[in-house]
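To start, the structure itself, in structure tokens.
In the numbering used here, the protein residues as written are 1 to 67.
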């Protein structure tokens with residue numbers, strides 16, 4: 001995300017509300033980009049159309065685990 005003025009660099013937690021139009025991007029390109037930020041630790045995906053929440057936590061192995 002170089003040359004963007006709205007980029008956050010010390011992210012710990014990111015919460016995304018999923019919709020049909022954004023879900024694919026939130027789960028793939030955005031998630032991959034967020035993982036490049038060293039401070040990023042947790043990712044929460046909330047489905048707008050159903051009662052479903054996914055919580056990903058960065059483990060000590062620097063791997064994202066689903067809870």
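Built from N, CA and C at the ideal position, the CB exists for glycine as well.
Cβ-based burial, residue i [other Cβ within 10 Å; buried from 16]
| i | result |
| --- | --- |
| residue 8 | exposed |
| residue 12 | exposed |
According to DSSP, residues forming a beta bridge with residue i
| i | result |
| --- | --- |
| residue 23 | Note: residue 23 sits in no beta bridge, so no partner. |
| residue 13 | 42 |
| residue 53 | 46 |
Closest residue to residue i among the options (Cα-Cα distance)
| i | options | result |
| --- | --- | --- |
| residue 57 | 16, 40, 17, 36 | 40 |
| residue 48 | 36, 28, 22, 6 | 22 |
| residue 55 | 25, 31, 24, 10 | 31 |
| residue 26 | 5, 59, 52, 43 | 43 |
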